[in-house]
Each structure stands twice: as C-alpha cells, then as structure tokens.
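Every number in this note's numbering is 168 more than the matching position in the sequence shown, counting from 1. Glycine residues also receive a C-beta, built at the ideal position from the N, C-alpha and C atoms. The model shown is predicted, which means the values in this text are computed figures rather than measured ones.
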Amino acid sequence: MTAIDFKRFFAKTTPIAPSPVQAMAKETAIVASHINLVYRNGGEEFNALQDVSLTVKSGEVHLLMGPSGSGKTTLLSILAGLLTPTRGQVNLLGEEITQLSRSRLAAFRLKHLGFVFQGFNLFPALTACENVEVAFHLKGVPQARKHAIELLDQVGLADRCNHRPQDLSGGQKQRVAIARALAGNPQIIMADEPTAALDSQNGHAIITLLRNLAKTSGRTVLIVTHDPRILDVADRVTDLEDGKVVTKAKLG
Ligand SMILES: Nc1ncnc2c1ncn2[C@@H]1O[C@H](COP(=O)(O)OP(=O)(O)OP(=O)(O)O)[C@@H](O)[C@H]1O
Ligand SMILES: [Mg+2]
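Right, here's the structure in full:
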C-alpha cells in the first residue's frame with residue numbers, strides 16, 4: 169500500500185500555520201550544529217572539523233574565512249550536502265538535510281542550492297552556454313538556452329557563449345561557474361573562493377552581483393574567501409582555524 173503524503177495533501181487543500189521549524193527557516197537559512205568531520209585514509213585519521221556550529225540568516229552575505237587547510241571547503245561541502253559529517257546536523261531552509269535519503273537530498277539541492285566549486289568543475293566538452301544550460305535542463309526550466317545566455321550576459325560573458333572551458337581564462341571559467349550556480353534562482357548560493365581568479369574589475373562585478381542577490385532578491389549567500397574586498401559587502405564573518413570556529417563577527 170502506498171503511504172499518503174499528508175503534508176502535500178494538506179498543503180494543497182488547507183492553509184496550515186507554519187510549524188516552529190518552518191517559521192525559524194524564514195529567518196535562518198542555514199543552521200549547522202556540532203559538525204565533526206574525520207577524514208580517513210588507510211589507517212590514518214585527520215580531524216578536519218571539530219564541533220563547528222554556525223547559523224546563517226536568510227538574506228545575509230556570510231563569509232567563511234581562515235588560513236589554507238583550516239577546513240573551509242570541507243565545511244562548505246558539508247553545508248551543501250556534498251559530504252556527510254562524521255557527527256552533527258545541517259538544517260537548510262527548515263529541512264534536516266543530514267537526515268535525507270540520497271535521492272531526496274539531490275532533489276533538495278537541485279531546487280534550493282547553487283554551488284560554485286573552488287576548482288569550477290565545468291564540463292570540459294561543453295561550451296560556456298551549454299555548461300549553464302545544463303543546469304536549467306536539470307531543473308526542468310523551459311527555454312534553457314535563452315536563460316543561459318542571459319546569465320552569461322550578467323557575468324559579462326555573453327560573447328564567450330560558444331567557447332569551451334579550455335579556451336577560457338581562469339577568471340572567465342569562474343564566471344561561467346557562477347552563472348551556472350545562479351540558474352533557476354536558488355534560495356541559497358554557496359561559493360568557494362568565487363573571486364580568487366578575478367582581476368579587480370571582474371572581482372568587483374561579481375561581488376556586486378552576489379551582494380545584489382542577497383539584498384535585492386533575498387537570497388542567502390555563503391562565501392568562502394580570502395578576498396578582503398568581499399568584507400565590504402559582508403554582513404557577518406565566521407573564522408575557522410585548524411577545523412574550529414575561532415570568531416563570529418557581525419560587521420557594520
Ligand atoms: N580527502 C581528504 N583526505 C584527507 N585529508 C583531507 C581531505 N580533504 C581535505 N583534507 C585535509 O583537511 C584539511 C582541510 O581541508 P580544506 O580543503 O577544507 O581546507 P581549506 O580551508 O578549504 O583550504 P584552502 O584555503 O587551501 O582551500 C586540510 O588539512 C586538508 O589537507
Ligand atoms: Mg578550500
């Protein structure tokens with residue numbers, strides 16, 4: 169017998185008051201509680217994250233900073249559901265993603281999350297346009313080509329639509345990766361060093377774009393960065409050192 173999905177059934181028929189968790193999700197987009205991550209290679213163990221807790225409010229530009237090797241990429245990967253923590257929970261938009269099955273997690277990520285990888289992760293055989301287009305196809309958005317061109321235009325790359333990654337500079341690849349992460353207007357955008365390969369003009373354009381996403385369209389933006397220019401647009405900074413949170417600063 170198929171179980172009835174009461175939540176969906178009621179959502180369609182009767183407006184129900186938001187649960188305390190849903191109400192909280194309106195204000196907090198990301199809550200990570202007591203995250204630990206142990207990397208195991210052969211017989212060796214390495215504690216990459218130790219008891220990391222973090223809250224990111226909706227509409228906030230939040231920076232994760234810290235020296236190389238402090239665990240920033242590891243933490244971002246866990247917050248995005250790309251890596252399972254050894255211990256601890258991650259709640260995104262009111263959903264405990266650490267409790268979701270693989271397929272539900274993949275569907276959740278596709279709908280709500282845009283991710284820019286530190287190494288870009290573009291498909292080498294696809295053009296810039298196709299790399300962005302593929303995200304629209306996966307999300308089932310019609311007119312994928314048209315939307316992909318619009319996003320590439322926003323990041324200043326409309327004239328590179330038909331170039332493959334190997335024919336783009338590092339900064340251009342980075343901007344294609346950012347355009348792809350924005351496809352379908354996800355509620356949360358996570359970016360690992362999104363301005364690292366950019367010169368000052370392009371870096372400034374991307375920083376402004378990320379800030380506008382938060383401030384004018386209410387997206388939540390979490391950025392791993394070493395770039396002091398991003399501090400100007402940040403609401404809050406969490407500093408990591410040796411896998412631990414050392415400071416949480418509110419700016420302004
Ligand atoms: N797969 C892995 N196996 C073992 N150790 C790992 C693995 N991935 C990362 N580490 C280690 O975990 C620590 C944190 O790595 P992480 O990539 O999260 O650092 P980071 O703060 O993003 O550094 P960077 O600023 O250089 O990108 C590092 O000491 C790294 O060597
Ligand atoms: Mg990193």
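Around the CB of D360, 16 or more other CB atoms lie within 10 Å, so the residue is classed as buried.
In the three-state scheme derived from DSSP, where H, G and I count as helix and E and B as strand, A216 is classed as strand. Per DSSP, the unbroken beta strand (DSSP E) holding L232 starts and ends at 229-233.
By the beta-carbon neighbour count (other beta carbons within 10 angstroms, threshold 16), S368 is exposed. Ligand 2 approaches K240 closely enough that one of its heavy atoms is under 7 Å from the residue's Cβ.
Relative to K225, the option among I246, V405, I203 whose CA is nearest is V405. The region 267-339 is shown to contain whole alpha helix (DSSP H) runs of 4 or more residues at 270-280, 296-306, 312-322, in chain order. The region 394-413 and the region 326-344 do not touch, with fewer than three beta-carbon pairs separated by less than 8 Å.
The DSSP-derived three-state label of Q369 is helix.
The three-state secondary structure of E361, taken from DSSP, is coil. V229 is the residue among V229, M358, D335, L243 whose C-alpha sits nearest the C-alpha of N380. Out of K416, A364, R387, the CA that lies nearest to the CA of F285 is found in A364. Per the C-alpha coordinates, the member of D410, V414, L378 positioned closest to D403 is L378. Annotation: the continuous alpha helix (DSSP H) that includes L247 extends over 240-247. When distances are taken from the beta-carbon of F285 to the heavy atoms of ligand 1, even the shortest one reaches 7 Å or more. Exclusion of the five residues before and after E301 leaves A312, R313, A316 as the residues of its chain whose Cβ lies within less than 7 Å of its Cβ. Per the DSSP secondary-structure output, A417 pairs in a beta bridge with V405.
Here A349 is near G282, since their CB atoms are less than 8 Å apart. The three-state reading of DSSP puts Q257 in strand, counting E and B together.
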